[in-house]
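Asks: Count along the sequence shown from 1, add 1015, and you get the number used in my numbering.
For each residue, glycine too, the CB sits at the ideal point set by N, CA and C.
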Amino acid sequence: MLNKCFPLLVLLVLCSCARQPQRLAESATTQSEPGAVSDQQQPVVLDVPMSPLDPVVTQSELSAYTDVWQRIRQQMHIQVPQRADIRREIAFFASKQKFFNEVANRAEPYLYLIVTELEKRRMPVELSLLPIVESAYNPVAQGKGPTGLWQMVPQTARNFGLKIQHGYDGRKDPWSSTLAVLDYLQHLHDSLGNDWLNAVAAYNSGEGRIMAAIERNKARGKPTDYWSLQIPARYVQTMPKWLAMISLVKNPANYQISLPPVANRPVVGSTKIAGAVQLQQAAELAGMPLNQLKKLNPGFALTTTPEGKEFPLLLPLDALETFEKQRHLLKKVAVAAAPSGGPQRYKVKTGDSLVSIAARYKTKVASLRRLNQLKNDQLQAGQILLIPTGNNASATIARSQPKSYQVKAGDSLWTIAQKLRVDSEELRIYNKLTAHAHLKPGQILRVPGASVATEKAPGGAKKTKAVYTVKKGDSLDRIAKLHKIKLADLLKWNQLQADSRLKPGQQLRLAPGNRQS
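1) Buried or exposed for LEU1332, going by 16 or more other Cβ atoms inside 10 Å?
2) Going by CA-CA distance only, name the one from TYR1250, PRO1304, ALA1334 that's closest to GLY1284.
3) Below 8 Å between beta carbons: does that hold for ALA1216 and MET1254?
4) Apply the 10 Å Cβ neighbour rule to ASP1392 and answer buried if 16 or more other Cβ atoms are within range, or exposed otherwise.
5) In whole angstroms, what separates the C-alpha of ASN1213 from that of ILE1087?
6) Does the pairing of the stretch 1108-1127 with the stretch 1148-1166 give three or more beta-carbon distances under 8 Å?
7) Is the distance from the Cβ of VAL1292 to the Cβ of THR1320 below 8 Å?
8) If you draw a straight line from the alpha carbon of ILE1093 to that of ASP1240, how long is it in whole angstroms?
9) Tell me which residues share the same chain as ALA1408 and place their Cβ nearer than 6 Å to its Cβ, disregarding the 5 neighbours each side in the sequence.
10) VAL1148 by DSSP, collapsed to three states: which one?
11) Counting only runs that start and end within the stretch 1066-1101, where is the alpha helix (DSSP H) found for 4 or more residues in a row?
12) Assuming the contact rule is C-beta atoms closer than 8 Å, LEU1428 and GLU1299 should be a hit. Round their C-beta distance to whole Å, please.
13) Since PHE1326 is in the beta strand (DSSP E), which residue starts that stretch and which ends it?
14) Distance, Cα to Cα, VAL1264 vs ALA1119?
15) With a CB to CB cut of under 8 Å and the five nearest residues on each side skipped, what residues in its chain are close to GLU1325?
16) Between PRO1096, ARG1224, PRO1169, VAL1072, which lies nearest to GLN1085 when the distance is taken from Cα to Cα?
17) Looking at the strands, I want to know which residues DSSP matches up with ALA1278.
18) Let me make sure I understand the geometry here. Which of ASN1312, ARG1360, GLY1302 has the alpha-carbon closest to that of ASN1338?
19) Excluding the five sequence neighbours on either side, which residues of its own chain have a C-beta within less than 6 Å of the C-beta of ASN1387, listed in chain order?
20) Whose C-beta lies closer than 8 Å to the C-beta of VAL1277 among residues of the same chain, with five residues either side of it excluded?
21) Pick helix, strand or coil for TYR1125, following the three-state DSSP scheme.
22) If the criterion is Cβ atoms closer than 8 Å, does the pair VAL1272 and GLN1112 meet it?
23) Confirm the yes/no value for this check: CB of GLN1094, any heavy atom of the ligand FMN, distance under 7 Å.
24) Would you report the Cα separation of ALA1508 and SER1490, rounded to the nearest angstrom?
25) Going by Cα to Cα distance, which pick from LEU1294, GLY1323, PRO1304 is closest to ALA1316?
26) Using beta-carbon positions only, say whether ARG1186 and LEU1177 come within less than 8 Å of one another.
27) Let me know if GLN1180 comes out buried or exposed under the rule of 16 or more other beta-carbons within 10 Å of its beta-carbon.
28) Could you have a look at THR1239 and say whether DSSP puts it in helix, strand or coil?
29) Between the alpha carbons of ALA1268 and LEU1077, how many angstroms are there, rounded?
30) Straight-line CA distance for THR1162 to THR1171?
31) Going by C-alpha distance, which of GLU1141, PRO1169, ARG1249 is nearest SER1262?
32) Give the DSSP-derived three-state secondary structure of TYR1376 in the structure shown.
33) Taking only the alpha-carbon atoms, compute the straight-line gap between ILE1101 and TRP1257 and give it to the nearest angstrom.
34) Measuring CB to CB, does ILE1246 end up less than 8 Å from ALA1259?
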């Protein structure tokens, strides 16, 4: 644990901006964005002490409820005053029944987990309503810097232990971000007079601003509770919204709204995966569609998890049990390390398009789509794109006639794809199977054949492309699929192991012959 004397000054600088809220329901004027600490600064991971509230309901009473909203309602501690700004927000939200329907639907996997974590820490359950006004419980909500369920800015997220890197953003991980935010809110509470309203105000406007207001009141002999502080309303616009939400959840019938029930039981659980793992394989081992796994784990930006670190994975409880039983089948893939130079990453600017970026870096739009796994051509300012560093555009992929495979007991699309060195998603689509399709022993699947990539030779004849230069983000499996050759052959021809580490610039043979250096 860091010494508590470390830094009030450092903390004020590092945490002066928790984030600016992403408002899906625009009930107030937009806040000006505070200055964020440079992302280049070394993050400080803070160990936060607890300051517990006394429980007002027994655990057995809490478990008896069928709806999490009831569970929240029965444990509310925070008193909401009668103020004009809060009444305006209540009136605004009370007219948005569709908004509450959408929030309940999005919150369903996470709300129970968040509430029970707050109970465990003996923090106010009202904090579980903060994501409603921050992001409408949308884990991929993104503003000008703030991101995720709780709308954290990068440096604050890193300070409280979240990973943010190429291929993964912990702010979009609903569970990891929740744990980090609760640590942060507890720190703010303990630093700002043990006042939860001060903590939420600081989360909204920055710790330094609230601390300065407290110090002014102390110097004048005035109270330091939130309502006694002189803080311009424009800096704490989340406060009346959050307090309005507390009133609405506490007495929905009074405001003619309905809160769709959210089950008072866990529906998802968390496990860990380490190293570069294909999410498609994880989904298959869990017995669930890939799109459902990615929806629960939006922190992963690519189809392969980043290499070398441990990451949380949320799964439905039944899928979690299935996954753990088959975890030993999980294979790691070798991923190329980042190169030392060259235009590898590009930050999208206003007015950019895939066409203009491709022209600038002398590559193809299709290559950009493939490398960045883009579903469409829409870009956002600030988005990071990977730029291909080599020219493999001349390769013309050849494909042999389909062959068939008879399903055996215990087979899955993923295991069949591994046996035949094809992509499991391609195999599913090729056979017109649904994402939930169950294979039966004896069932015949058509399997795309494999052949070596070829390129045009002078005069129109084709010749085998003998060498491939490894690029950033490549894996052995991806290279084999790209060139329609068997992974076993690629390994044999290059004297590699399945877990061999690739390096950008490394040359691989794509056909038998003299070994490349």
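Replies: On the basis of the supplied data:
1) The count along the sequence shown starts at 1 and reaches residue 1332 at position 317. Looking at its Cβ environment, which holds fewer than 16 other Cβ atoms inside 10 Å, LEU1332 is exposed.
2) As a position in the sequence shown, residue 1284 is number 269, starting the count at 1. Considering only alpha carbons, the answer is ALA1334.
3) Counted from its first residue, the sequence shown places residue 1216 at position 201. Counted from its first residue, the sequence shown places residue 1254 at position 239. Cβ atoms of ALA1216 and MET1254: closer than 8 Å.
4) For the purposes of this step, residue 1392 is taken as the residue at position 377 of the sequence shown. Exposed is the call here.
5) Sequence index remark: in the sequence shown, residue 1213 carries index 198 (1-based). Sequence index remark: in the sequence shown, residue 1087 carries index 72 (1-based). Near 21 Å, if we compare the C-alpha coordinates of ILE1087 and ASN1213.
6) yes
7) Start at 1 with the first residue of the sequence shown, and residue 1292 comes out as number 277. Start at 1 with the first residue of the sequence shown, and residue 1320 comes out as number 305. Result yes, Cβ atoms of VAL1292 and THR1320 sit closer than 8 Å.
8) Numbered from its first residue, the sequence shown carries residue 1093 at position 78. Numbered from its first residue, the sequence shown carries residue 1240 at position 225. Cα-Cα distance, rounded: 13 Å.
9) Against the sequence shown, residue 1408 aligns to sequence position 393. Confidence at ALA1408 is low in this model, with a pLDDT of 34, below 50, so the placement of that residue should be treated as unreliable; the coordinate-derived value is given next. Here the set comprises LYS1379.
10) The residue you call residue 1148 lines up with position 133 of the sequence shown. Correct three-state label for VAL1148: helix.
11) 1074-1079, 1083-1088
12) Here residue 1428 refers to the residue found at position 413 of the sequence shown. Here residue 1299 refers to the residue found at position 284 of the sequence shown. The pair is a contact, with the Cβ atoms about 6 Å apart (cut-off 8 Å).
13) Here residue 1326 refers to the residue found at position 311 of the sequence shown. Counting along the chain, the beta strand (DSSP E) containing PHE1326 begins and ends at 1325-1331.
14) As a working note, residue 1264 is residue 249 in the sequence shown. As a working note, residue 1119 is residue 104 in the sequence shown. Distance between the alpha carbons of VAL1264 and ALA1119: 12 Å.
15) The sequence position of residue 1325 within the sequence shown is 310, counting from 1. The answer, listed in chain order, is LYS1287, ILE1288, ALA1289.
16) Mapped onto the sequence shown, residue 1085 falls at position 70. Among PRO1096, ARG1224, PRO1169, VAL1072, the Cα nearest to that of GLN1085 is on VAL1072.
17) In the sequence shown, the residue the question calls residue 1278 occupies position 263. Bridge partners of ALA1278: ASP1082.
18) The residue given as residue 1338 occupies position 323 in the sequence shown. Correcting the residue identity first, residue 1338 is Phe in this sequence and not Asn. Per the Cα distances, GLY1302.
19) Counted from its first residue, the sequence shown places residue 1387 at position 372. Excluding residues within five positions, the ones whose Cβ falls inside 6 Å are LEU1400, LEU1401.
20) What you label residue 1277 is simply residue 262 of the sequence shown in a count that begins at 1. ASP1082, VAL1083, TRP1084, ALA1119, ALA1122, GLU1123, LEU1126, TYR1127.
21) By 1-based counting over the sequence shown, the position of residue 1125 is 110. Of the three classes helix, strand and coil, the one that applies to TYR1125 here is coil, per DSSP.
22) Translated into the one-based positions of the sequence shown, residue 1272 becomes position 257. Translated into the one-based positions of the sequence shown, residue 1112 becomes position 97. In the sequence on display, residue 1272 carries Ile and not Val. Yes, these two residues count as a Cβ contact at 8 Å.
23) Among the ligands in the structure shown, none appear at all, so the ligand FMN cannot be discussed.
24) Here the question's residue 1508 lines up with position 493 in the sequence shown. Here the question's residue 1490 lines up with position 475 in the sequence shown. Per the sequence shown, residue 1508 should be read as Trp rather than Ala. Answer to the nearest angstrom: the Cα atoms are 16 Å apart.
25) Here the question's residue 1316 lines up with position 301 in the sequence shown. Of the listed residues, the one whose Cα sits closest to ALA1316 is LEU1294.
26) Here residue 1186 corresponds to residue number 171 of the sequence shown, with the count starting at 1. Here residue 1177 corresponds to residue number 162 of the sequence shown, with the count starting at 1. Yes, the pair counts as a contact, with Cβ atoms nearer than the cut-off.
27) Numbered from 1 along the sequence shown, position 165 holds the residue referred to as residue 1180. Classification for GLN1180: exposed.
28) Along the sequence shown, one-based indexing puts residue 1239 at 224. Coil, per DSSP.
29) Translated into positions along the sequence shown, residue 1268 becomes position 253. Translated into positions along the sequence shown, residue 1077 becomes position 62. Looking at the two C-alpha atoms, the distance is approximately 21 Å.
30) Reading the sequence shown from its first residue, position 147 is the one you call residue 1162. Reading the sequence shown from its first residue, position 156 is the one you call residue 1171. Each residue's Cα considered, the two are about 11 Å apart.
31) For the purposes of this step, residue 1262 is identified with residue 247 of the sequence shown, where counting begins at 1. Out of GLU1141, PRO1169, ARG1249, GLU1141 has the C-alpha closest to the C-alpha of SER1262.
32) Counting from one through the sequence shown, the residue named residue 1376 turns up at place 361. Note: TYR1376 maps to coil in three-state DSSP.
33) In the sequence shown, residue 1101 corresponds to position 86, counting from 1. In the sequence shown, residue 1257 corresponds to position 242, counting from 1. Roughly 9 Å between the two C-alpha positions.
34) Reading the sequence shown from its first residue, position 231 is the one you call residue 1246. Reading the sequence shown from its first residue, position 244 is the one you call residue 1259. No.
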